[in-house]
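Protein chains: 2
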Amino acid sequence: MRRDVFQAIADPTRREIIALIADRSLNVNAVAGNFDVSRTAVYKHMKILTECGLVVVRQQGRERFCEARLERLHEISDWVEQYRKFWNARFDALEDYLNKMEPKKKKGRG
Amino acid sequence: MRRDVFQAIADPTRREIIALIADRSLNVNAVAGNFDVSRTAVYKHMKILTECGLVVVRQQGRERFCEARLERLHEISDWVEQYRKFWNARFDALEDYLNKMEPKKKKGRG
DNA sequence: CTATTTTGCAACCAAAAGGTTTCATTTTAT
DNA sequence: ATAAAATGAAACCTTTTGGTTGCAAAATAG
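Protein chains in written order, with the numbering used here: chain A, 7 to 116; chain B, 7 to 116.
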């Protein structure tokens, strides 16, 4: 199934899962233990995360360790960064405006 | 209604709308003209975008111009960037590995 | 004034999302 | 061998999402 990273990170539970396993692998039950929803629900979220490549699963005996592979987030980063100039432009325009209003306080804080 | 920027950009049509109006305001019909779906469908997407602050609408006569306000994307940027160290770490580890394999070619491309 | 343009919104619909309970399977512990 | 643990997946349910058509209202053009 074609899974989209944008859609994957749209769900807050999935973002929490990512936060949880970003720096260490955890098995499915351990991840599920951190949420109020059922293990199956967490499992489904995990499946979506693996389908879009943000997580890989390593089997070890009867456990399956979920490991974050966050490289794919560059796709999000690239998309957002292309627009940074627009919001910076708006910020610059505001700054210019404020400078014209109070030219002597252009770096002031109060 | 509480709208989430992450959820707002999850839909590809909404990302296209953002691309379309990032550098110039367009009225609703003009935006809708760029898509295969109905004007109403585009209007609904636009509503979601305004509800989460990515777009503001300026009324001008009977037209309503939709203007991108992409500052809110910093929320996405911040979220992604906190994880950059993890994917960089993995990349560094790969690089280290390759360096050990072929120490003389550590910068080589062919 | 009347017709047209631009828009918002209600009503409705199908599919997807997110959740649950239940059951089967595999691995490990006793 | 049996029991327990960890997991995958099916079946089902409700809400949300993304879409449609149709209509009403406001502004503008003729």
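The beta-carbon is built from N, C-alpha and C at its ideal position, and this holds for glycine as well.
Distances from the alpha-carbon of Arg75(B) to those of Gly67(B), Met52(B), Tyr103(B), Asp84(B) put Met52(B) closest.
Taking 8 Å as the threshold, the shortest C-beta distance from Phe41(A) to chain B does not fall below it. The beta-carbon of Glu77(B) is placed less than 8 Å from the nearest beta-carbon of chain A.
With 16 or more other CB atoms across the displayed protein chains lying within 10 angstroms of its CB, Leu60(B) is buried. Contact between Ile54(B) and Ala14(B) holds, with the beta-carbon distance rounding to 6 Å and staying under 8 Å. For the segment 83-97 of chain B, the set of positions with a beta-carbon nearer than 8 Å to some beta-carbon of chain A reads Ser83, Trp85, Val86, Glu87, Tyr89, Arg90, Phe92, Trp93, Arg96, Phe97 in chain order.
For Asp29(A), the neighbours in chain B by C-beta distance under 9 Å run, in chain order, Phe92. Under the 8 Å criterion on CB atoms, Phe71(A) is classed as non-interfacial with respect to chain B. Under the criterion of beta carbons closer than 8 Å, Val48(A) and Val37(A) qualify as touching, at roughly 6 Å. Bounds of the beta strand (DSSP E) holding Glu69(A) are 69-74. For Ile15(A), the closest Cβ of chain B is nearer than 8 Å. In this model, Met107(A) and Ala95(A) are separated by some 18 Å (Cα to Cα). Exposed is the label assigned to Arg68(B), since fewer than 16 other Cβ atoms lie within 10 Å of its Cβ. Here Val61(B) is bridged, per DSSP, to Ala74(B).
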